[in-house]
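Number of protein chains: 2
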Amino acid sequence: MDVLKDASAVVGARPDKVRKENLFETARFFLDVYVVGPGQAQTPHVHDGSDKVYVVLSGRGTVRVGAAAHDVRAGHAVFCPAGAEHGVENAGPEDLRLLVYMAPHPKPPR
Amino acid sequence: MDVLKDASAVVGARPDKVRKENLFETARFFLDVYVVGPGQAQTPHVHDGSDKVYVVLSGRGTVRVGAAAHDVRAGHAVFCPAGAEHGVENAGPEDLRLLVYMAPHPKPPR
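Chains A and B, in that order, are what the protein sequence lines are. Each number in our numbering corresponds to the 1-based position in the first sequence with 1361 added. Each number in our numbering corresponds to the 1-based position in the second sequence with 1361 added.
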């Protein structure tokens, strides 16, 4: 695995679904970059045994954790504890770019 | 714990040592913001059972992982696997601001 990656190079949404690019993964964690285009969303879901953090790199959006909705922009970090339903949506007009950390990895690489 | 934090508000180095501000922590991970002032460094060290990732928010610096030194700037992410010696230094002139993620937490909160 290359130990140096450039998250700033991950720009541009996919037309069909949220773009997810993995930077690093082990059994202990993964770090992805998501690009959520205007009108796209990650449907609320739950990980029973893993904690997630979203960190906004650019754009704006809404992160839901449990019953709460948080409007976010660059620099905001949102903690989604194991067992809490969470999701993210982008009402536009810019792409929403996020770092997504999860620990431990819910589907560990071999 | 407040699930929404603002990493962009963590600006300004300490005069005496690397500034470390925790955003979130559980037994599974921690996420800190470090502000490394010009001339400051985190001395190379090892975590035997935890993986670390540095992500540069602003500034420039050098991250060492094992025998390699990586010059980094905003958007760069560096993976420091468990067992690999790693550290970071800032030759200046700007503050180097980093997200520092580690999993699992080496000293879990109670």
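Heads up, the beta-carbon is just placed ideally off N, CA and C, and yes, glycines get one too. Every value quoted in this text rests on a predicted model; they were computed, and no experiment measured them.
According to DSSP, is residue i helix, strand or coil?
i       : result
B:A1435 : coil
B:A1430 : strand
A:S1369 : helix
B:A1464 : strand
A:V1397 : strand
B:E1446 : coil
B:R1375 : coil
B:R1471 : coil
B:G1453 : coil
B:R1389 : coil
B:V1364 : coil
Kindly indicate the opening and closing residues of the beta strand (DSSP E) around residue i.
i       : result
B:P1405 : A1402 to H1406
B:V1416 : D1412 to S1419
A:N1383 : R1380 to E1386
Hey, residue i and residue j: beta-carbon distance below 8 Å or not?
i       : j       : result
A:G1422 : A:E1450 : yes
A:V1414 : A:A1438 : yes
B:R1458 : B:V1407 : no
A:D1328 : A:A1464 : This structure leaves residue 1328 of chain A out entirely; chain A is present only between 1362 and 1471.
A:G1487 : A:R1425 : There is no way to answer for residue 1487 of chain A, as the model of chain A reaches only from 1362 to 1471.
A:D1432 : A:A1374 : no
A:A1402 : A:L1384 : no
B:F1440 : A:V1461 : no
B:A1388 : B:P1467 : no
A:V1417 : A:G1436 : yes
B:E1382 : B:V1372 : no
B:F1390 : A:F1390 : yes
Between residue i and chain C, is there a C-beta pair that is closer than 8 Å?
i       : result
B:V1414 : Chain labels in this structure do not include chain C; the protein chains are A and B.
Taking any Cβ of chain B, which residues in the stretch 1365-1379 of chain A have a Cβ under 7 Å from it, in chain order?
L1365, K1366, D1367, A1368 and S1369
Could you list the residues in the stretch 1434-1450 of chain A with a C-beta less than 8 Å from some C-beta on chain B, going in chain order?
A1435, G1436, H1437, A1438, V1439, F1440, C1441, P1442 and A1443
Given a limit of 7 Å on CB to CB distance, which residues of the stretch 1385-1398 of chain A reach chain B?
F1385, T1387, R1389, F1390 and L1392
For the stretch 1449-1468 of chain A, list every residue whose C-beta sits within 7 Å of some C-beta in chain B, in sequence order.
L1460, Y1462, A1464 and P1465
Got a sec: which bits of the stretch 1419-1432 of chain B sit with their beta carbon under 7 Å from any beta carbon on chain A, in order along the chain?
V1426 and H1431
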